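Undergrad:
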Amino acid sequence: MKLHIKKNGSISDIQKEFNTGFPYLKIEFFWHSHANRELSPKNDKIDPLTSVAKLVKWDRDKVIKVNEQMKTIEFETMWEKKYGLFVQVFRKSGRVWLETSHTDDWSLERQNEEGKMMSSIHNVNPEEENAWDEY
0 MKLHIKKNGS ISDIQKEFNT GFPYLKIEFF WHSHANRELS PKNDKIDPLT SVAKLVKWDR
60 DKVIKVNEQM KTIEFETMWE KKYGLFVQVF RKSGRVWLET SHTDDWSLER QNEEGKMMSS
120 IHNVNPEEEN AWDEY
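As structure tokens, then:
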């Protein structure tokens with residue numbers, strides 16, 4: 000999968016594109032990095048309507064290749080090292096979002112499959128907007 004990061008786009012544009020490939024995962028952007036296996040502070044989350052241009056110093060748009068076998072920690076680290084953005088993956092579990100910090104060694108595919116399984120147990124369809132509790 001490829002994520003298209005438009006400098007003049009918003010964080011929510013990136014989130015929607017990621018969620019298309021991984022319907023039981025979402026990514027949130029934060030102002031600061033979080034330590035390995037630690038939770039990101041909720042008050043550090045960047046508003047999804049924030050323009051990418053406010054966060055980066057790039058001259059042009061970027062395309063990020065995402066491999067479903069990539070470990071969650073590799074995915075998050077890639078954003079920080081290559082693009083200067085702090086990302087945290089969340090997994091759907093029934094009607095709540097779980098920060099994946101304790102399962103960062105799982106692949107994105109495994110995270111998504113776990114979210115699918117947990118949501119099916121609780122009869123939650125990812126297309127049901129009201130079923131997605133806010134982090």
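Numbered according to numbering that gives the first Met the number 0, the sequence shown spans residues 0 to 134. Virtual Cβ for every residue (Gly too), placed ideally from N, Cα, C. Just so we're clear, the structure is a prediction, and the values are computed from it rather than from any experiment.
Quick one: complete beta strand (DSSP E) runs, 3+ long, within the region 77–113?
TA: Within the region 77–113, the complete beta strand (DSSP E) runs of at least 3 residues are 85–92, 95–98.
Undergrad: Hey, out of 23, 5, 10, 33, whose CA is closest to residue 135's CA?
TA: There is no way to answer for residue 135, as the model of the chain reaches only from 0 to 134.
Undergrad: Report back the beta-carbon spacing between residue 90 and residue 99 to the nearest angstrom; my notes put them in contact at under 8 angstroms.
TA: Right, their Cβ atoms sit about 5 angstroms apart.
Undergrad: Which runs of the beta strand (DSSP E) at least 3 residues long sit entirely within the region 9–60? Give them in chain order.
TA: Runs of the beta strand (DSSP E) inside the region 9–60: 24–29.
Undergrad: What is the rounded straight-line gap between the Cα of residue 87 and the Cα of residue 120?
TA: Cα to Cα, residue 87 sits roughly 25 angstroms from residue 120.
Undergrad: Going by beta-carbon coordinates alone, are residue 103 and residue 71 separated by less than 7 angstroms?
TA: Their beta carbons are under 7 angstroms apart, which means residue 103 touches residue 71 by this criterion.
Undergrad: DSSP puts residue 62 in a beta bridge; with which residues?
TA: Paired residue(s): 3.
Undergrad: For residue 83, is the classification buried or exposed, using 16 other Cβ atoms within 10 angstroms of its Cβ as the cut-off for buried?
TA: Looking at its Cβ environment, which holds fewer than 16 other Cβ atoms inside 10 Å, residue 83 is exposed.
Undergrad: Let me know if residue 157 comes out buried or exposed under the rule of 16 or more other beta-carbons within 10 Å of its beta-carbon.
TA: Shown here, the chain extends from 0 to 134; a query on residue 157 therefore has no answer.
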